[in-house]
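S.K.: Questions regarding the structure given below will be posed in turn.
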Amino acid sequence: MRHPLLEFIDAGYTYPDGGVRALAGVRLQIDAGRFVAVVGRNGSGKSTLARLANGLLLPTEGRVLVAGRDTAHPDWNWEARRRVGVVFQNPDNQLVAATVEEELAFGPENLGVPPAEIDERVERGLALSGL
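FYI, our numbering numbers position 1 of the sequence shown as 112, with every residue one higher than the one before it.
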């Protein structure tokens, strides 16, 4: 059975510090191969939605599934972060390295990928983007 890549089932999130209910009753299904842009005003819940999608936050109500598996499950949460990417509006908020090569290597290094494989992935990424 093929599951949607990402699915929100009556998902919501309330921030613990001030009790702000950022999202409620979200129902969304995104199939593999689709590209989705989330747009809205400041404070409308876009960043919270993205953090729920990749497991950085866990829903306080409902469920978020990545490839049919619940992000609330500890064994799947890390995998969700690997499968769901987020692109921020301001690139300065997401760049961590001084060079493109270092930037491309940052993620795999933090996932424990062997150095030889990191080098191969970086070269492939540079070639794919024409750099």
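Ideal placement from N, C-alpha and C gives every residue a C-beta, glycine not left out. Small disclaimer: the values here were computed from a predicted structure and weren't measured.
Am I right that Leu117 and Ala164 are in contact with their C-beta atoms under 8 Å? What's the rounded C-beta distance?
M.R.: Position 6 of the sequence shown, counted from the start, is the residue given in the question as residue 117. Position 53 of the sequence shown, counted from the start, is the residue given in the question as residue 164. Going by Cβ atoms, the distance from Leu117 to Ala164 rounds to 6 Å, so yes, they are a contact pair.
S.K.: Check each candidate in Val207, Tyr126 and Glu228 and name the one with the smallest Cα separation from Leu160.
M.R.: The count along the sequence shown starts at 1 and reaches residue 160 at position 49. Looking at the Cα atoms, Tyr126 is the closest of the given residues.
S.K.: Quick check: the Cα distance between Asp186 and Arg162, rounded to an integer number of angstroms?
M.R.: Working through the sequence shown from its first residue, we reach residue 186 at position 75. Working through the sequence shown from its first residue, we reach residue 162 at position 51. In a straight line, the C-alpha of Asp186 is about 17 Å away from that of Arg162.
S.K.: Residue range of the alpha helix (DSSP H) that Arg232 falls in?
M.R.: As a working mapping, residue 232 is identified with position 121 in the sequence shown. Taken as a continuous stretch (DSSP letters only), the alpha helix (DSSP H) holding Arg232 covers Pro226 to Leu239.
S.K.: Pick out whichever of Ala227, Gly151, Leu176 and Arg152 has its Cα sitting closest to the Cα of Val195.
M.R.: Looking up residue 195 in the sequence shown gives position 84. For the residues Ala227, Gly151, Leu176 and Arg152, the minimum Cα distance to Val195 belongs to Leu176.
S.K.: What does the Cβ neighbour count give for Thr210, buried or exposed, with the cut at 16 atoms within 10 Å?
M.R.: Within the sequence shown, the letter at position 99 stands for residue 210. Answer is exposed; the Cβ neighbour count stays below 16.
S.K.: Is it the case that the CB of Glu190 approaches a heavy atom of the ligand GDP more closely than 7 Å?
M.R.: As far as ligands go, the structure on display features none, and thus does not contain the ligand GDP.
S.K.: For Leu237, does the count of other Cβ atoms within 10 angstroms reach 16, so buried, or fall short, so exposed?
M.R.: What you label residue 237 is simply residue 126 of the sequence shown in a count that begins at 1. Flag for Leu237 reads exposed.
S.K.: Can you give the beta carbon distance from Gly156 to Leu134, rounded, assuming they're within the 8 Å contact cut?
M.R.: Along the sequence shown, read from residue 1 onward, the residue named residue 156 stands at position 45. Along the sequence shown, read from residue 1 onward, the residue named residue 134 stands at position 23. With a Cβ gap of about 5 Å, Gly156 and Leu134 count as contacting.
S.K.: Can you have a look at Leu242 and say buried or exposed, based on whether 16 or more other CB atoms are within 10 angstroms of its CB?
M.R.: Taking the first residue of the sequence shown as position 1, residue 242 is located at position 131. It counts as exposed.
S.K.: Who are Asp181's beta bridge partners in DSSP?
M.R.: As a working note, residue 181 is residue 70 in the sequence shown. Paired residue(s): Leu176.
S.K.: Assign Ala143 to one of two classes, buried (16 or more other C-beta atoms within 10 Å of its C-beta) or exposed (fewer than that).
M.R.: As a working mapping, residue 143 is identified with position 32 in the sequence shown. Ala143 is exposed by the Cβ-count criterion.
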